[in-house]
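In the working numbering, the protein residues as written are 26 to 365.
Right under this line is the structure:
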């Protein structure tokens, strides 16, 4: 039985994003820049990371509070050993759950089959450019695009669909690549979602003048591949949808900087070390791991989760826009801890 809960702004809890590792094989400049996250960087020790059993227990409680979508994230989630075991545990909670995974797809060719067999329904792949040199620069490791495309192809082959491609657009870095991305995946039959460059965490050097607006992205694509707006699939959908006039698919744009959507946000985030964050840009989270390990009952955990959600009033992206062109300098959790 589900008991829906709402926050101070009337927003329900519908979507839980679960970070299963803080490690990543990429060093994307807007998330984990290599000059900071080098070989000597200390990631979380194993005993501080939630076990699969702990994740599944919490996920079950979140589902009882109205969550209908579970997204597995990282870091790079495919680095977590035996990830299909967790997928199987989560899929057994409720067969109707929208169980998804966000990945850079580098390891997806080897894992797609086992993930699908374990109950994963679909994947979202991060890919910021098709141009090899641009992509190598942005992923910080010199990895080629083809390995990611191979992962996408394998995911499509085994039925992890519909596949969505997430591309973060930065001015002067890959903004000249958006039309190529749109055209390629239009032909491949997948949906690209172009994301405005955001000030996630504290270390990516974000500035307002590095942002390419959603309006500019739509204009540049539409000039070559005519588009028209489409209604959202559901309340709280983060991407504004546009379909090609020739009927051959669609794109999405996520305008969290220029047109924030805090008023519809139904997402909570569970960090690698078991903290509950109610906003991507939160400064701190509620510790659920230590409560579990200290013997908290399910009812006590539900009370903690309900308590923080009922008091939730987060609207950081709206506040950032209201402050424009000034930057909000508050400290924020790093994205690789909570999965974006």
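Here a beta-carbon is modelled for each residue, glycine too, at the ideal position from N, C-alpha and C.
{"Item": "Per DSSP, which one or two residues make a beta bridge with residue 286?", "Value": "Paired residues: none, contrary to the question."}
{"Item": "DSSP puts residue 81 in a beta bridge; with which residues?", "Value": "Bridge partners of residue 81: none, in fact."}
{"Item": "Secondary structure at residue 179, three-state DSSP: helix, strand or coil?", "Value": "helix"}
{"Item": "Cα separation between residue 43 and residue 255?", "Value": "29 angstroms"}
{"Item": "Express the C-alpha separation of residue 167 and residue 125 in angstroms, rounding to a whole number.", "Value": "27 angstroms"}
{"Item": "Quick check: the region 186 to 193 against the region 203 to 214, are at least 3 beta-carbon pairs closer than 8 angstroms?", "Value": "yes"}
{"Item": "Whether or not the region 97 to 104 and the region 121 to 137 are in contact is what I'm after, with contact meaning three or more pairs of Cβ atoms, one per stretch, closer than 8 angstroms; do they touch?", "Value": "yes"}
{"Item": "Could you name the residues that DSSP lists as bridge partners for residue 151?", "Value": "191"}
{"Item": "According to DSSP, is residue 210 helix, strand or coil?", "Value": "helix"}
{"Item": "With a cut-off of 8 angstroms on the beta carbons, I'd call residue 24 and residue 49 a contact; round off their distance for me.", "Value": "Past the edges of the chain, shown from 26 to 365, lies residue 24, and the structure says nothing about it."}
{"Item": "Residue range of the alpha helix (DSSP H) that residue 245 falls in?", "Value": "239 to 247"}
{"Item": "Looking only at its chain, what residues have a beta carbon closer than 6 angstroms to the beta carbon of residue 342, apart from the 5 residues adjacent to it on each side?", "Value": "281, 285 and 287"}
{"Item": "Tell me whether residue 275 sits in a helix, a strand or coil according to DSSP, three-state version.", "Value": "strand"}
{"Item": "Looking at residue 144 and residue 121, is the spacing between their C-beta atoms short of 7 angstroms?", "Value": "no"}
{"Item": "Tell me, please, which residues DSSP counts as bridged to residue 94.", "Value": "40 and 123"}
{"Item": "Short of 6 angstroms in beta carbon distance, which residues of its chain neighbour residue 32, apart from the five on each side in sequence? Order them along the chain.", "Value": "334 and 337"}
{"Item": "What does DSSP give as the partner residue(s) for residue 251 in the beta ladder?", "Value": "The partner list for residue 251 (beta bridge, DSSP) is empty, contrary to what the question assumes."}
{"Item": "Please check the pair residue 118 and residue 152, which I expect to be a contact at CB under 8 angstroms, by giving their CB distance rounded to whole angstroms.", "Value": "The pair is not a contact, with the Cβ atoms about 30 angstroms apart (cut-off 8 angstroms)."}
{"Item": "List the endpoints of the continuous beta strand (DSSP E) containing residue 22.", "Value": "It is not possible to answer for residue 22, since the shown part of the chain is limited to 26 through 365."}
{"Item": "Residue 199 lies in the beta strand (DSSP E); which residues open and close that run?", "Value": "It is not in any beta strand (DSSP E) - residue 199 carries neither H nor E in the DSSP assignment."}
{"Item": "Tell me the DSSP secondary structure of residue 216 in three-state form.", "Value": "strand"}
{"Item": "Using a Cβ-Cβ cut-off of 7 angstroms (strictly less than) and excluding sequence neighbours within five positions of residue 311, which residues of its own chain qualify?", "Value": "300, 301, 329 and 333"}
{"Item": "Using DSSP's beta-bridge definition, name the partner residues of residue 266.", "Value": "255 and 277"}
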